[in-house]
Each structure stands twice: as C-alpha cells, then as structure tokens.
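Worksheet: one structure, shown below.
Residue numbers (the working numbering): 3 to 251.
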C-alpha cells in the first residue's frame, strides 16, 4: 500500500497507509457512516449502536471518553477516527503517539458533509459516499425552516442541561426554523427558575444522552404550563453522519 498524507478537520496532518484496512472509530455517528459506505471498521465504542445488524460483531474499545488502550492495540488499527468534541484530549494525544488519528470538528451541516466527503476519499469509497451525502443534503433541505418557535433543547436532567451556541444541535435547530433561547456556549446547566424566566414556546426533550421518557414530560408540563413539551429523537438532532438521511418533511 502507498502512504498518503491528509489534513483533518482540526488542521492536523495525518499520514496513513492508503486505503486503510483496519479502522477503529471512536464516534457513534461516524461509525454508522463508515459502515454504511463499506469501510473496514474493526473497533467501535459501546455507544456505536448503528447500524444494528452490522455492529454486533465489531469489538468494543470502551467509551467515547474512556478508551481501552490495550484493546485498541490488540486490534492493530492502521487508522483511528475521532472527533474533537466527543472524545477526550488526553486519550487522543496518547493514541496518536502510536497510530494515525484523523479528527473531525463539526458544528454545521456543511462541516458534516465535508467530514463524510473527506473520509470517503481517504477510504477510497467516494462513489458510495457521494450517494449518501446527496441523500443527506436532500433530506435536510426538505426540512429547512419547517419548524418555528422559541425553544430550549434539553439533553440532561438533575441538573437540567441544554444545547447552547457553538454546537451542532444549535445549528440544526436554526436550520429547522427554531430560535434557540440558550445563548451560552456549549451545554450550560439551567435551573427551573431560569427556564421559566426564558419562557420558551417549546421545550424539546432529547432521547439522548439522558433517556427522557413520557413521565419526564408529565413532570415538566406541570411545572412549565406555558410551554409545549415534546420528546425528540436525539440521534436525529445530534448525529452528523449518514443518519441525516432520515429527516423527512
């Protein structure tokens, strides 16, 4: 195989044997995409649960923020693929001393399409990748501006945590037509009083990372009677790979 050097989304140069034959993926949405294009994924995190019929036999190397380095070494990857937000800096720095590590850095839909395109080229699977990107673009374009209202998107309970600015979720909410009331960066904690003060039209309860259920809506409805409380698919709102094809107008 030929060694090639690529620049990842963090501006880092990564030299790999091209195309890679043994990939460890450290991010659920990217794992799903890689499998969908037919890339040779030999390791995944415990949160990489899609596509369900194909991941069950792929070894687990820990979580997104607690890698099992011994397990990764056993798998002998020629490429590791991670993400700036979802993985932890110390773990990535340790891995890149032993393996080529390509990192994504995603805040917008365009960033996600760029990530998929670059990984498709890197894996020499551009044709299938382009089909997926086009399907994702068509699906997300079909829902552009279809929603409305001032919203809070909750991702955690006790304490409440919401998606704020400088996140992929915030970008997607704006793309859908919502106004995100959270102006703080990243994922700030909120009090009941703060939520009431913001007076949202809608409170969106994500199915992940906290597994919000109907009973949580009932509690919230009693406390925030002026807001429409709704369960939403967390994977659809935060996974930035081929799952974007599942948006429907």
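Note that the Cβ used here is the ideal one computed from N, Cα and C, for glycine as well.
Query                                                                                                                                                                 : Result
Is the CB-CB distance between residue 42 and residue 62 below 8 Å?                                                                                                    : no
Taking contact to mean 3 or more Cβ pairs, one atom from each stretch, closer than 8 Å, check whether the region 145 to 158 and the region 197 to 210 are in contact. : yes
Taking DSSP as the reference, what is the three-state secondary structure of residue 71?                                                                              : helix
Could you tell me which residues DSSP pairs with residue 155 in its beta bridges?                                                                                     : 206
Taking residue 243 as the reference, which of 95, 84, 117 and 82 has the closest Cα?                                                                                  : 117
Just grab the DSSP bridge partners of residue 8 for me.                                                                                                               : 16
Let's test the definition: count the other Cβ atoms within 10 Å of the Cβ of residue 4 and tell me whether it reaches 16, buried, or not, exposed.                    : exposed
Determine, using beta carbons only, whether residue 191 and residue 210 come nearer to each other than 8 Å.                                                           : no
For residue 32, is the classification buried or exposed, using 16 other Cβ atoms within 10 angstroms of its Cβ as the cut-off for buried?                             : buried
Going by C-alpha distance, which of 177, 247 and 80 is nearest residue 131?                                                                                           : 247
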